[in-house]
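*Asks:* Once you've had a glance at the structure underneath, I'll fire off some questions.
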Amino acid sequence: MDITSASQLLDLVKERKQSLSQVVAEYEAFRSNTSCEAVREQMRETLKVMRASVENGILDKGERTHIITGYGHLFKEAIAENRVLGCSLLKNVVLYALAVGQHNAGLGRIVACPTAGACGVVPGAMLAVADELDSSEEELIEALLVMGGVGIVSAAQGPISGAEGGCQSECGVASSMAAGAVVYLMGGSGEQVFAAASLALQSHLGLVCDPLASLVEVPCVTRNSTSATTAIVAANMAMAGIPAVIPYDECVVAMKQIGKSMPESLCETSKGGLAASPTGRKIYDELRQKHSQ
Amino acid sequence: MARIGLFDIVGPIMVGPSSSHTAGAVRLGLAARRVLGKEVEKAKITLHGSFAATYWGHRTDVALIAGLLGMPMDDERIPHALEEAKEAGLEYTFEFGDLGDVHPNSVRIQVEGSGDKMELAGASVGGGRINIFQVNGFEVGVDGTYTTLLTRHRDEPGVIAEITKVLAIHGINIAFLNVSRKTRGSEALLLAETDDDIPELALQHVLRIPGVLVVRTLPRF
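Heads up: the sequence lines are chains H and L, in that order.
Position one of the first sequence corresponds to residue 924 (our numbering), numbered consecutively onward.
Position one of the second sequence corresponds to residue 355 (our numbering), numbered consecutively onward.
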């Protein structure tokens, strides 16, 4: 049993007359020579770490980060003081994603999903939607399996690292995975999962990886929150019946080709883009000086 | 192509900020600790390429020391590893150096403890995965996908046959075998990557083989 593409995974769902999450659980059980129950238990632990990273990230005031200063904490205060617009879903998705991104940058314990740099996207979107829909832990475990399925087909066909594919292959793929999880929690079909994944990735194609001073801080942490928000927007569009037009597999291949034509300076080397801006260089020089002392 | 692991995508669970500069560095430190097989008292660490350029931002230094102290990559004590090293009496030095034509995220770790010395060079190749490419100056290739048996032994006829025989008796299948030496009859190194975990009893049996000097295992990561 193997999972190689979205279309092949959806065929497996039909052939086996199983849910998408069950097919993913069986794939992993087969691959790692264990049971579906053990896979779900490990997912339960993963969910716990995700939740804890949100809570700890909100408390993080930026003691261990170099440029950013407790972004989750700042946003939480702004919500409490009614300084931000929007419904609770829009506020929470941004809050949670910022919190996890901050926690990661500050040497906190997180779930890399699919990478450490993009680790705020999935908890941001999925846990904010879970609050809204009052989803159970069991539903969230199934959502994580569905999301894992989106991630596996992405990794099977394209790059999953800023160094190889730019940020489109970190925050972009994370947004696709999150969109899939959200569609699942909304009660959508497997086809809708991948339509949402496709719409989310389409909004990220071409995105470069140009972090300041080689840190996972600017623009990574704030981008985690916009990618998480995009996931919810993409899920809503897919549930409304707006077609992705380009199938997910083809979007991933396009991402791979775009990644190949990206110059090295924009693939996690901090040599181009924002990292090479006057302010980006200034911050780098200051940090370097501070640490050479 | 090997099947992609669900928990490699939804995971790993790790301490941030970077899977390659932090999580992979913890694993390289842990590997050096396992190769020594004792508490590390002294460590000389040489950072190469991107490791040397970004170590302070991604706390690669802290991560390597955390690994040398035996912390796994999701251990929340990792940020305090330098303080813990002080308490544990682990002396370390960091240097920058050119390890040659190797992966940009490479490091050489020389460790000492209880009168024993070992040296390892490896790279963090992305997503927290590592590749150990040198042990005690011998070229190797170990990525932690398998449990690995390491022996230092005298380069004599029959030693390797005895080692593989002991593994067979314990029902341990060898997936990959790497044997190297510097000159004929000198000390040699064996690395056996196995499908099965290697129990303590098997290690004791290997150590009793005439000509075997040191036996260690590296766990699967």
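Yeah, the Cβ is synthetic: ideal placement off N, Cα and C, and Gly gets one too.
Taking the alpha carbon of Thr-447/L as the point to measure from, which residue in Glu-437/L, Thr-400/L, Gly-480/L, Val-489/L has its own alpha carbon closest?
*Replies:* Sequence index remark: in the second sequence, residue 447/L carries index 93 (1-based). When only C-alpha atoms are compared, the closest one is Thr-400/L.
*Asks:* In or out: Val-530/L buried (at least 16 other Cβ within 10 Å) or exposed?
*Replies:* In the second sequence, counting from the first residue as 1, residue 530/L sits at position 176. According to the sequence shown, residue 530/L is Phe rather than Val. When all chains shown are included, Phe-530/L counts as exposed.
*Asks:* Whole angstroms is fine: what's the gap from Arg-570/L's alpha carbon to Gly-378/L's?
*Replies:* Along the second sequence, one-based indexing puts residue 570/L at 216. Along the second sequence, one-based indexing puts residue 378/L at 24. For Arg-570/L and Gly-378/L, the distance between alpha carbons rounds to 21 Å.
*Asks:* Using a Cβ distance threshold of 8 Å, determine whether the segment 491 to 511 of chain L contacts the segment 551 to 562 of chain L, with at least three qualifying pairs required.
*Replies:* yes
*Asks:* Quick one: Cα of Ala-442/L to Cα of Ala-1104/H, how far?
*Replies:* On the second sequence, position 88 is the one that residue 442/L refers to. On the first sequence, position 181 is the one that residue 1104/H refers to. Going by the C-alpha atoms only, they are around 45 Å apart.
*Asks:* Under the assumption that Leu-1124/H contacts Cys-1174/H (Cβ atoms under 8 Å), give the Cβ distance between them as a whole number of angstroms.
*Replies:* Your numbering for residue 1124/H matches position 201 in the first sequence. Your numbering for residue 1174/H matches position 251 in the first sequence. Going by Cβ atoms, the distance from Leu-1124/H to Cys-1174/H rounds to 5 Å, so yes, they are a contact pair.
*Asks:* Using only alpha-carbon positions, find the residue among Arg-381/L, His-412/L, Gln-464/L that is nearest to Asp-429/L.
*Replies:* Sequence index remark: in the second sequence, residue 429/L carries index 75 (1-based). Comparing Cα positions, the closest option is Arg-381/L.
*Asks:* If contacts are defined as beta-carbon pairs under 8 Å, then Val-1141/H and Ser-928/H qualify, I think. What distance do you get, rounded to the angstrom?
*Replies:* Counted from its first residue, the first sequence places residue 1141/H at position 218. Counted from its first residue, the first sequence places residue 928/H at position 5. Not quite, the Cβ-Cβ distance comes to about 35 Å (not below 8 Å), so this is no contact.
*Asks:* Let me know the beta strand (DSSP E) ranges lying completely inside the segment 1030 to 1104 of chain H, each 3 residues or longer, listed in chain order.
*Replies:* 1032 to 1034
*Asks:* Does DSSP classify Arg-967/H as helix, strand or coil?
*Replies:* Position 44 of the first sequence, counted from the first residue, corresponds to residue 967/H. When DSSP states are grouped into helix, strand and coil, Arg-967/H belongs to the helix group.
*Asks:* How long is the line joining the alpha carbons of Val-972/H and Glu-510/L, rounded to whole angstroms?
*Replies:* Looking up residue 972/H in the first sequence gives position 49. Looking up residue 510/L in the second sequence gives position 156. Taking the straight line from one Cα to the other gives about 51 Å.
*Asks:* Do Ser-1126/H and Thr-1153/H come within 8 Å of each other at the CB atom, strictly closer than that value?
*Replies:* Within the first sequence, numbered from 1, the residue matching residue 1153/H stands at position 230. Within the first sequence, numbered from 1, the residue matching residue 1126/H stands at position 203. In this structure, Thr-1153/H sits near Ser-1126/H, with a CB-CB distance shorter than 8 Å.
*Asks:* Would you call the CB atoms of Val-369/L and Arg-1032/H closer than 8 Å?
*Replies:* For this step, residue 369/L is matched to residue 15 along the second sequence. For this step, residue 1032/H is matched to residue 109 along the first sequence. Yes, Cβ-Cβ distance for Val-369/L and Arg-1032/H is below 8 Å.
*Asks:* Kindly provide the ranges of any alpha helix (DSSP H) runs that are 4 or more residues long and lie completely inside the segment 433 to 509 of chain L, ordered along the chain.
*Replies:* 435 to 442
*Asks:* How would you write the range of the beta strand (DSSP E) that Met-314/L sits in, first residue to last?
*Replies:* The structure shown does not extend to residue 314/L, since chain L is modelled only from 355 through 575, so no value can be given for it.
*Asks:* Helix, strand or coil for Ile-528/L per DSSP?
*Replies:* One-based indexing of the second sequence puts residue 528/L at position 174. Strand.
*Asks:* Using 8 Å as the cut-off, can you tell me whether the segment 1137 to 1151 of chain H makes contact with the segment 1036 to 1045 of chain H, which would need three or more C-beta pairs spanning the two stretches below that distance?
*Replies:* yes
*Asks:* So which residues on chain L does Val-925/H lean against when the C-beta distance must stay under 7 Å?
*Replies:* On the first sequence, residue 925/H is found 2 positions in, with the first residue counted as 1. The question names Val, but residue 925/H is Asp in the sequence shown. Residues of chain L passing the Cβ test: Arg-357.
*Asks:* Does the count of Cβ pairs from the segment 1080 to 1095 of chain H and the segment 1108 to 1121 of chain H closer than 8 Å reach three?
*Replies:* No, the segment 1080 to 1095 of chain H does not touch the segment 1108 to 1121 of chain H.
*Asks:* Using a cut-off of 7 Å between C-beta atoms, extract the partners of Ile-1064/H located in chain L.
*Replies:* Residue 1064/H sits at position 141 when you count from the first residue of the first sequence. None at all; the shortest Cβ gap to chain L is about 11 Å.
*Asks:* Listing by chain order, which chain L residues have their CB less than 8 Å from the CB of Leu-933/H?
*Replies:* Sequence index remark: in the first sequence, residue 933/H carries index 10 (1-based). Ordered by position in chain L, no residue passes the 8 Å Cβ test against Leu-933/H, which lies about 17 Å from the chain.
*Asks:* In the DSSP assignment, find the alpha helix (DSSP H) that holds Ile-926/H and state where it starts and stops.
*Replies:* Walking along the first sequence from the start, residue 926/H turns up at place 3. Careful: Ile-926/H lies outside any alpha helix (DSSP H) and carries neither H nor E.
*Asks:* Three or more beta-carbon pairs under 8 Å between the segment 477 to 486 of chain L and the segment 528 to 542 of chain L, yes or no?
*Replies:* no
*Asks:* Under 8 Å, Cβ to Cβ, is there at least one residue of chain L near Val-1078/H?
*Replies:* Position 155 of the first sequence, counting from 1, holds the residue named residue 1078/H. Contrary to the premise, residue 1078/H reads as Ala rather than Val in this sequence. Chain L, which has a Cβ nearer than 8 Å to the Cβ of Ala-1078/H, makes this yes.
*Asks:* If you compare alpha carbons, which of His-402/L, Gly-480/L, Phe-450/L, Glu-395/L is closest to Lys-440/L?
*Replies:* One-based indexing of the second sequence puts residue 440/L at position 86. For the residues His-402/L, Gly-480/L, Phe-450/L, Glu-395/L, the minimum Cα distance to Lys-440/L belongs to Glu-395/L.
*Asks:* Under a Cβ-count criterion, where at least 16 other Cβ atoms within 10 Å of its own Cβ denotes burial, should Gln-1091/H be classed as buried or exposed?
*Replies:* Residue mapping note: residue 1091/H aligns to position 168 of the first sequence, counting from 1. The residue in question, Gln-1091/H, is buried, as its Cβ has 16 or more Cβ neighbours within 10 Å.
*Asks:* Reducing DSSP to helix, strand and coil, say where Cys-1143/H ends up.
*Replies:* For the purposes of this step, residue 1143/H is identified with residue 220 of the first sequence, where counting begins at 1. The answer is helix: DSSP assigns Cys-1143/H an H, G or I state.
*Asks:* Determine the contact status of Leu-1012/H and Ala-1053/H, defining contact as a CB-CB distance below 8 Å.
*Replies:* As a working note, residue 1012/H is residue 89 in the first sequence. As a working note, residue 1053/H is residue 130 in the first sequence. The answer is no: Cβ separation not under 8 Å.
*Asks:* Would Thr-1202/H pass as an interface residue toward chain L - the criterion being a Cβ-Cβ separation below 8 Å?
*Replies:* What you label residue 1202/H is simply residue 279 of the first sequence in a count that begins at 1. Cβ-Cβ to chain L under 8 Å: no for Thr-1202/H.
*Asks:* Can you round the beta-carbon distance between Thr-1025/H and Ile-991/H to whole angstroms, since I take them to be within the 8 Å contact cut?
*Replies:* Looking up residue 1025/H in the first sequence gives position 102. Looking up residue 991/H in the first sequence gives position 68. Checking the displayed sequence, the identity of residue 1025/H turns out to be Gln instead of Thr. Right, the Cβ-Cβ distance comes to about 7 Å (below 8 Å), so this counts as a contact.
*Asks:* Starting from the Cα of Ala-1035/H, find the closest Cα among Leu-360/L, Arg-574/L, Ala-356/L, Pro-573/L and give me that residue.
*Replies:* Here the question's residue 1035/H lines up with position 112 in the first sequence. It is Leu-360/L.
*Asks:* Within 10 angstroms of the Cβ of Ser-1200/H, are there 16 or more other Cβ atoms? Answer buried if so, exposed if not.
*Replies:* On the first sequence, position 277 is the one that residue 1200/H refers to. Flag for Ser-1200/H reads exposed.
*Asks:* In three-state terms, what does DSSP make of Cys-1190/H?
*Replies:* Here residue 1190/H corresponds to residue number 267 of the first sequence, with the count starting at 1. Correct three-state label for Cys-1190/H: strand.
*Asks:* From the beta carbon of Ala-407/L, is the nearest beta carbon of chain H less than 8 Å away?
*Replies:* Taking the second sequence and counting its residues from 1, one reaches residue 407/L at position 53. Ala-407/L counts as touching chain H.
*Asks:* Beta-carbon within less than 7 Å of Arg-939/H's beta-carbon, same chain only, minus the 5 sequence neighbours each way: which residues are those?
*Replies:* Mapped onto the first sequence, residue 939/H falls at position 16. Hits under 7 Å: Val-946.
*Asks:* Kindly say whether Ser-373/L, judged by its beta-carbon, lies nearer than 8 Å to any beta-carbon of chain H.
*Replies:* Here residue 373/L corresponds to residue number 19 of the second sequence, with the count starting at 1. Cβ-Cβ to chain H under 8 Å: yes for Ser-373/L.
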